[in-house]
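Asks:
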Amino acid sequence: MSLHVDTVSATFAAKAPFTLLRGGTVIDGTGALRIQADVLIHEGRIAAVGQDLPLPASADVTPIDCRGLVVAPGFIDVHTHDDALLLQDRTMAPKLSQGVTSVVAGNCGISLVPLVTDAPAPPLNLLGEQSFRHASVAAYRQAFEARPPGVNAALLVGHTTLRFATMDRTDRAAEPAEIARMAELLDACLGEGAIGLSSGLFYGPASAAPASEVTALARVVARHGGVYTTHLRTEMEAILDALDEAADCARDAGVPLVISHHKCAGPANWGRSPQTLAHIESLAQRQRVALDAYPYTAGSTVLREDLVDGVIDVRVTWSTPHPEASGRMLAELAAEWGISQKEACRRLQPGGACYFQMREDDVARIVSHPMTMIGSDGLPHDQHPHPRLWGAFPRVLGHYCREQGLFTLEQAVHKMTGLSARNFRLVDRGEIRPGAWADITVFDPERIIDRATFDSPLERAAGIESVWVNGQLSWTQGGAGPALGAGRLLSLRAS
Ligand code: ZN
Ligand code: CU
36 MSLHVDTVSA
46 TFAAKAPFTL
56 LRGGTVIDGT
66 GALRIQADVL
76 IHEGRIAAVG
86 QDLPLPASAD
96 VTPIDCRGLV
106 VAPGFIDVHT
116 HDDALLLQDR
126 TMAPKLSQGV
136 TSVVAGNCGI
146 SLVPLVTDAP
156 APPLNLLGEQ
166 SFRHASVAAY
176 RQAFEARPPG
186 VNAALLVGHT
196 TLRFATMDRT
206 DRAAEPAEIA
216 RMAELLDACL
226 GEGAIGLSSG
236 LFYGPASAAP
246 ASEVTALARV
256 VARHGGVYTT
266 HLRTEMEAIL
276 DALDEAADCA
286 RDAGVPLVIS
296 HHKCAGPANW
306 GRSPQTLAHI
316 ESLAQRQRVA
326 LDAYPYTAGS
336 TVLREDLVDG
346 VIDVRVTWST
356 PHPEASGRML
366 AELAAEWGIS
376 QKEACRRLQP
386 GGACYFQMRE
396 DDVARIVSHP
406 MTMIGSDGLP
416 HDQHPHPRLW
426 GAFPRVLGHY
436 CREQGLFTLE
446 QAVHKMTGLS
456 ARNFRLVDRG
466 EIRPGAWADI
476 TVFDPERIID
486 RATFDSPLER
496 AAGIESVWVN
506 GQLSWTQGGA
516 GPALGAGRLL
526 SLRAS
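The following block contains the structure:
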């Protein structure tokens, strides 16, 4: 597999600088066993991987001592709501500080593109209230490339966003002419580089959509070779039906399916993960199915009365009328105000919350499943966000892998790199091998751990030593690296 540096210098301009990661433990992202090896970076790509690589002659080489550290592909966060953050905060600190080098944005039916509005309704307001300024992927790309962020990004187009872009009201099924208009917008987005469609049938503005509406749009995705991701219609008691609905849509349309943030939500549903995972495995026998998950027992989304049952804990993450409530427990607020939790929920709208709706054994089982990819589902615009925004990846590596021993480090890395790149069709990403893009995360396997908590959600993870994005050093232990904005907008074909 490894090239010799002599070959490399002959094929690349010898004057361009090289970076040599010396003596690290290379975990290549494919799930293969670790090896001790050097990794040579040149002109944005990995030029060579091998033991005791000789220094390239007559070239500018920066050697980096990686002994005792793991050299892994940069992590791919397959489930994000970073559409607006990518344009607003180039440092992308919540991602780079965890070793994430690429994000998939536009999940759960909620994408910034293609919609221009001053008043995004829930759940679109998860992306911030002032962000909807891009009527096309081309317009988004222009903004992205004018001030590139610190990580790569791939865009999904949200079904809910398409509904707002084409319908006067969203509490009904789309008419044939509206579906045709949605399909046209989606087709243009995919032509300009979006990688697929997402849906969030769980959310009000999409829940009136029948499966046939989504299938019609997924057919457009099939023509472009993209993917279809979905926040299921329900993750509660009727989850098996919701899984079947999603799988039938994807199969009828001929697209690969990604089940977003798989969970067994609600006390009545706890303990059912063996059943749901077996069901997903059986669907995977007949069609391409993948899933992602985040490693926490709480979910987080906008404030919704139907999720406030008086049984599970609810913690407020933001509230426009009551910003002082951010971070507080809904039960405490309700007691102080002398009203029910549902009433308190109404009073805090618009806002967001963490819902402690899962059980630990289900989360551990789902995260451990060999088909499961890691996605943070972080919500970067929340005032007191769910800690998954700053901690999801180090938590899988430190808590579930090292401390709990649920899977090997090679499997953990695979779930956040090679498997993710394959399922989302990201070319030359997610693996350490000659020719792949040099997205690389160097971390300390003994120290890596999440530090963000529900009380203190902005704490940076420990153990991420340095991160390269497209060959540019973009994060070092203390903070941002020398390169600001090495990220690219990824598409299905080119990279
Ligand atoms: Zn979702
Ligand atoms: Cu989401």
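Letter by letter, the sequence shown follows residues 36 to 530 in my numbering. Note that CB positions come from ideal geometry on N, CA and C, so glycine has one too.
1. Roughly how many angstroms lie between the CA atoms of Thr-452 and Phe-110, to the nearest whole one?
2. Going by the C-beta, is Gly-301 closer than 7 angstroms to any heavy atom of the ligand ZN?
3. Quick check on the burial criterion: 16 or more other C-beta atoms within 10 angstroms. Buried or exposed for Ser-247?
4. What is the rounded straight-line gap between the Cα of Gly-513 and the Cα of Asn-304?
5. Can you list every residue whose CB sits closer than 7 angstroms to some heavy atom of the ligand CU, going in chain order?
6. Across the stretch 358-366 and the stretch 254-271, are there enough close Cβ pairs to call them in contact, namely three or more that are closer than 8 angstroms?
7. Per DSSP, which one or two residues make a beta bridge with Val-113?
8. To the nearest angstrom, report how far apart His-39 and Pro-91 are at their CA atoms.
9. Assuming Pro-129 is part of the alpha helix (DSSP H), what are its boundary residues?
10. From the DSSP output, in three-state form, read off Gln-446 for me.
11. To test your reading of the DSSP string, which unbroken alpha helix (DSSP H) runs of 4 or more residues are found completely within the stretch 304-349?
12. With a threshold of 7 angstroms (Cβ to nearest heavy atom), would Gly-498 be considered close to the ligand ZN?
13. Tell me which residue opens and which closes the alpha helix (DSSP H) that Ala-83 is part of.
14. Could you tell me the distance, in whole angstroms, from the CA atom of Cys-284 to the CA atom of Ile-467?
15. Relative to the C-alpha of Lys-580, which residue among Pro-108, Pro-158 and Met-271 is closest?
16. Which of helix, strand or coil does DSSP assign to Leu-519?
17. Would you say the beta carbon of Gly-235 is closer than 7 angstroms to some non-hydrogen atom of the ligand ZN?
18. For Glu-445 versus Leu-68, is the C-beta distance shorter than 8 angstroms?
19. On the three-state DSSP scale, how would you describe Met-36?
Replies: Result, derived from the coordinates:
1. Between Thr-452 and Phe-110, the C-alpha separation is close to 5 angstroms.
2. For the ligand ZN, not one heavy atom lies less than 7 angstroms from the Cβ of Gly-301.
3. Counting C-beta atoms within 10 angstroms of its own C-beta, Ser-247 has fewer than 16 neighbours from the protein chains shown and is therefore classed as exposed.
4. Computed Cα separation, rounded: 43 angstroms.
5. One residue list follows from the rule of a beta carbon closer than 7 angstroms to any heavy atom of the ligand CU, given in chain order as His-114, His-116, Asn-142, Cys-143, His-266, Ser-295, His-296 and Asp-412.
6. The stretch 358-366 vs the stretch 254-271: no contact.
7. In the DSSP assignment, Val-113 is bridged to no other residue.
8. Here the model assigns His-39 a pLDDT of 44, short of 50, so the residue's position is not dependable, and the following value carries that caveat. Taking C-alpha positions only, His-39 is separated from Pro-91 by approximately 9 angstroms.
9. It spans 128-131 - the alpha helix (DSSP H) in which Pro-129 sits, taken as one unbroken run.
10. Here Gln-446 sits in helix by DSSP.
11. Listed in chain order, the complete alpha helix (DSSP H) runs (minimum 4 residues) inside the stretch 304-349 are 308-321.
12. Every heavy atom of the ligand ZN is 7 angstroms or more from the Cβ of Gly-498, so no.
13. Where Ala-83 is concerned, there is no enclosing alpha helix (DSSP H), although the beta strand (DSSP E) it sits in stretches over 80-85.
14. Their backbone Cα atoms lie some 35 angstroms apart in a straight line.
15. Nothing can be reported for residue 580, as the shown portion of the chain is limited to 36 through 530.
16. Annotated three-state conformation of Leu-519 is coil, per DSSP.
17. Under cutoff, so the answer is yes.
18. Yes, these two residues count as a Cβ contact at 8 angstroms.
19. With a pLDDT of 40 at Met-36, under the threshold of 50, the predicted position of this residue should be treated as unreliable, and no value is reported.
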